[in-house]
Amino acid sequence: TLDQHWEMHVGRAAGGQRIVQLVDQTGNYAAERMRVDFVANASHELRTPLASILGYIETLGDEKAGADPEVRARFLKIMFDEARRMQRLVEDLISLSRIEAEKYRLPDRAVDLAALIGEVRSELFDAQDVRSNDIVATLESAVPPVIGDRAQLSQMLHNLIGNAMKYGRANTPVAVKLWRDPAGMVRISVTDEGEGIAPEHVPRLTERFYRVDPGRSRAAGGTGLGLAIVKHIVERHRGRLDVASIVGTGTTITVMLPAHIPAQADPVIKR
Ligand code: ADP
143 TLDQHWEMHV
153 GRAAGGQRIV
163 QLVDQTGNYA
173 AERMRVDFVA
183 NASHELRTPL
193 ASILGYIETL
203 GDEKAGADPE
213 VRARFLKIMF
223 DEARRMQRLV
233 EDLISLSRIE
243 AEKYRLPDRA
253 VDLAALIGEV
263 RSELFDAQDV
273 RSNDIVATLE
283 SAVPPVIGDR
293 AQLSQMLHNL
303 IGNAMKYGRA
313 NTPVAVKLWR
323 DPAGMVRISV
333 TDEGEGIAPE
343 HVPRLTERFY
353 RVDPGRSRAA
363 GGTGLGLAIV
373 KHIVERHRGR
383 LDVASIVGTG
393 TTITVMLPAH
403 IPAQADPVIK
413 R
């Protein structure tokens with residue numbers, strides 16, 4: 143098919159026979175194309191705020207505009223917001239490449255998710271400026287810890303709960319649940335009462351820079367990398383991610399992680 147890439151190698155064996163080898167490079171081509179797209183997207187995302195900052199600096203340098211304190215204050219605020227946007231993007235790019243670099247190193251600590259959810263909940267709740275989403279946590283007791291990387295799991299919760307607050311309606315609660323399912327996996331779900339996500343977008347949400355509504359994402363300060371980061375963290379923890387959404391009603395994102403079962407102490411053998 144058109145999506146297939148084969149490489150042909152022609153050579154001669156020791157006995158003089160011709161050897162033709164066909165190597166399937168489809169996977170490598172797809173990976174290479176993704177890498178090129180990613181660099182192009184990231185550069186574009188940085189270029190836009192940078193151009194805006196440079197434009198405002200130029201205008202402020204102009205004597206008339208620069209002398210008006212009201213104009214100055216307004217322009218400085220815009221420049222500050224644009225610089226913050228670039229900072230968030232650069233921080234997310236760094237996170238993403240760190241998590242990817244650690245892909246093959248299994249996390250090795252027991253992490254108590256109930257405590258971590260409590261921490262992230264108060265951090266996000268306190269950071270709200272205008273919107274007022276309550277974060278209601280329902281934590282089943284006696285949920286075992288997971289084997290994890292605490293900082294990464296914290297970032298995962300920040301991104302999921304942060305999205306629920308960004309895309310949930312104002313003054314509606316965000317529900318966070320923690321429980322152990324019958325298969326022994328630890329599950330965390332984050333539910334919002336927002337506009338929901340149409341089914342055709344769901345499979346693409348964890349792609350880098352994929353946004354359902356780019357204008358809305360940018361206005362809310364999104365980088366388009368939040369769920370890509372979540373996906374990488376979940377994969378590194380040998381977990382799974384599930385998105386259930388109803389347009390007009392809301393979204394529930396569930397993460398399933400393997401429980402940490404402490405090694406049994408060696409049984410004492412009595413004779
Ligand atoms: P962003 O920084 O744009 O929020 P994410 O990677 O976190 O990037 O999410 C990708 C896109 O998925 C968002 O732009 C948004 O369109 C959609 N999305 C994510 N979470 C939700 C949610 N809880 N409700 C509705 N849409 C969501």
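For reference, each letter of the sequence shown is one residue, going 143 to 413 in UniProt numbering. In this text, a Cβ means the ideal position worked out from N, Cα and C, and glycines have one as well.
Relative to the non-hydrogen atoms of ligand 1, the Cβ of ASP334 comes within a distance shorter than 6 Å of at least one. Around the Cβ of ASN313, a 10 Å sphere holds fewer than 16 other Cβ atoms; the residue is exposed. Short note on THR393: C-beta closer than 6 Å to some heavy atom of ligand 1. Its Cα nearest to that of PHE217, the residue ASP204 stands out among MET398, GLU261 and ASP204.
As a beta-bridge residue in DSSP terms, ALA317 pairs with VAL278 and THR333.
TYR309 has its Cβ nearer than 6 Å to a heavy atom of ligand 1.
The residues VAL285 and VAL328, in chain order, have a CB closer than 6 Å to that of ARG322 in the same chain once the five nearest residues on each side in sequence are set aside. Rounded to the nearest whole angstrom, the C-alpha separation of GLU261 and SER387 is 26 Å. As summarised for the segment 183-264, the continuous beta strand (DSSP E) elements at least 3 residues long and confined to that stretch are 251-253, given in chain order.
Residue environment: TYR246 is assigned as exposed (fewer than 16 neighbouring CB atoms within 10 Å of its CB, all protein chains considered). The beta carbons of ILE371 and LEU238 sit closer together than 7 Å. Using a cutoff of 6 Å, the CB of THR396 does not count as near ligand 1, since none of the ligand's heavy atoms is closer than that.
Contact annotation: GLU335 and ARG360 have beta-carbon atoms that are not nearer than 7 Å. Across the set ILE199, HIS379, GLY357 and VAL385, the C-alpha of VAL385 shows the shortest separation from the C-alpha of LEU369. Counting along the chain, no alpha helix (DSSP H) covers ILE339, and no H or E run does either. Each of VAL397, GLU342 and LEU248 was checked against the Cα of GLY290, and the nearest Cα belongs to LEU248.
For a cut-off of 8 Å, the C-beta gap from ALA401 to GLY326 is around 6 Å, short enough to register as a contact.
Out of GLU242, SER194 and ALA243, the CA that lies nearest to the CA of PHE222 is found in SER194. In the displayed model, GLN270 falls within coil according to three-state DSSP, outside both helix and strand. Per DSSP, the beta-bridge partners of THR396 are SER331 and ASP384. Bridge pairing for HIS151: GLN163 [DSSP].
Annotation: VAL372 is outside any beta strand (DSSP E); the continuous alpha helix (DSSP H) that includes it extends over 368-378.
In the three-state reduction of the DSSP assignment, VAL178 falls in the helix class, which pools H, G and I. Sixteen is the threshold: when 16 or more other Cβ atoms of the shown chains lie within 10 Å of the Cβ of ASN301, as they do, the residue is buried. Going by beta carbons, LEU367 and GLY381 fall outside the 7 Å limit.
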